[in-house]
Amino acid sequence: RACRRRRGRTDIVSKQNDDHRRPGEQARALVRGAVDYHVHVAPDFVARRITDVELAHRCLETGQAGFGLKSHYAPTTERAQVVAAAVPGVIVLGTITLNRAVGGLNPLAVEVAARQGARIVWFPTVSSVNEQDEVLQPGRHAKVPVWVQFELSLRETGLACEPVPVVDERGALLPEALAVLDVVARNDLVLCTGHLGRDEVFRLVEAAAERGIRDIVVTHPEFPSQSIPPDDQVELAAMGALMERAF
Numbered sequence: 145r146a147c148r149r150r151r152g153r154t155d156i157v158s159k160q161n162d163d164h165r166r167p168g169e170q171a172r173a174l175v176r177g178a179v180d181y182h183v184h185v186a187p188d189f190v191a192r193r194i195t196d197v198e199l200a201h202r203c204l205e206t207g208q209a210g211f212g213l214k215s216h217y218a219p220t221t222e223r224a225q226v227v228a229a230a231v232p233g234v235i236v237l238g239t240i241t242l243n244r245a246v247g248g249l250n251p252l253a254v255e256v257a258a259r260q261g262a263r264i265v266w267f268p269t270v271s272s273v274n275e276q277d278e279v280l281q282p283g284r285h286a287k288v289p290v291w292v293q294f295e296l297s298l299r300e301t302g303l304a305c306e307p308v309p310v311v312d313e314r315g316a317l318l319p320e321a322l323a324v325l326d327v328v329a330r331n332d333l334v335l336c337t338g339h340l341g342r343d344e345v346f347r348l349v350e351a352a353a354e355r356g357i358r359d360i361v362v363t364h365p366e367f368p369s370q371s372i373p374p375d376d377q378v379e380l381a382a383m384g385a386l387m388e389r390a391f
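Our numbering runs 144 ahead of the 1-based position in the sequence shown.
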């Protein structure tokens, strides 16, 4: 990944170029001209390593083409356009993630985001049914993502933070999921599977391929709550999906 981010960190690292973090020249050459489409930066619901404007300037320094602004909670299309205008010469992609905060599987929200210039749609991440054990039993893994505590704090306020289902009790995609895929196909957006479980990912990729969606990405399949086996990844790749490696 071109633009690195750290999971489980709630502090901002002030020194960017510690020796053990500095990429070599070969690594720099490999990502020159690339766009890292999956980056969590400040401002966000927790402190991040770098801000969006700072990262845009950093891309100019390193020769990277740009990045996609990902948020678990809000569409970033308008923000991406502001950052791109503030730092000319850098590609900044707007995105939307279909968690409860945007209404879940909300085809209208995706259509509006697309008309504003969004390029990437993530299916539910922090609101996925697959992640509920992570939220409600944070001790399950030794190191939990930074959003777990945030999700718990939202629940403490009494707000409705129910998970966003993608399939029915028979394992078939819900009508609203299919409606979102129709919007993605019509607007030629990039589809990312988010934090869905293994079976949900297969159903989503199958339906996306049937609709002619060109760019399908299985989001970090090695993430602990997903742990999609290599053989399944090979099968998904044969169906037309790309496997994302997140560092």
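Where a beta carbon is used, it is the ideal one built from N, C-alpha and C, also for glycine. For clarity, every value in this text was computed on a predicted model and none was experimentally measured.
In whole angstroms, what separates the C-alpha of residue i from that of residue j?
i: residue 148; j: residue 321; result: Confidence is the limiting factor: at residue 148 the pLDDT is only 38, short of 50, which leaves the residue's position unreliable, though a coordinate-based value still follows. Computed Cα separation, rounded: 31 Å.
i: residue 236; j: residue 188; result: 16 Å
i: residue 390; j: residue 178; result: 15 Å
i: residue 191; j: residue 243; result: 20 Å
i: residue 346; j: residue 340; result: 10 Å
i: residue 229; j: residue 201; result: 12 Å
i: residue 335; j: residue 323; result: 13 Å
i: residue 276; j: residue 307; result: 7 Å
i: residue 169; j: residue 203; result: 15 Å
i: residue 185; j: residue 383; result: 32 Å
DSSP puts residue i in a beta bridge; with which residues?
i: residue 213; result: 183
i: residue 336; result: 266, 361
i: residue 383; result: The partner list for residue 383 (beta bridge, DSSP) is empty, contrary to what the question assumes.
i: residue 272; result: 308
i: residue 237; result: 212
i: residue 133; result: Outside the shown range of the chain, which is 145 to 391, sits residue 133, and nothing can be said about it.
i: residue 195; result: 186
Exposed or buried, which one is residue i when buried takes at least 16 other CB atoms within 10 Å?
i: residue 272; result: buried
i: residue 213; result: buried
i: residue 155; result: Bear in mind that the predicted position of residue 155 carries a pLDDT of just 37, short of 50, making it unreliable; the figure below should be weighed with that in mind. Residue 155 is exposed by the Cβ-count criterion.
i: residue 281; result: exposed
i: residue 303; result: exposed
i: residue 301; result: exposed
i: residue 365; result: buried
i: residue 224; result: buried
Among the options, which one has its Cα closest to the Cα of residue i?
i: residue 173; options: 359, 247, 209, 301; result: 209
i: residue 348; options: 265, 222, 238; result: 265
i: residue 313; options: 326, 296, 343; result: 343
i: residue 232; options: 240, 360, 205; result: 205
i: residue 353; options: 221, 325, 165; result: 325
i: residue 327; options: 253, 196, 382; result: 253
i: residue 247; options: 268, 338, 167; result: 268
i: residue 385; options: 376, 223, 362; result: 362
i: residue 332; options: 351, 338, 360; result: 360
i: residue 289; options: 379, 356, 372, 368; result: 368
i: residue 220; options: 251, 291, 262, 374; result: 262
Below 8 Å on the Cβ atoms is my guess for residue i versus residue j; work out the distance and round it to an integer in Å.
i: residue 309; j: residue 318; result: 6 Å
i: residue 197; j: residue 227; result: 6 Å
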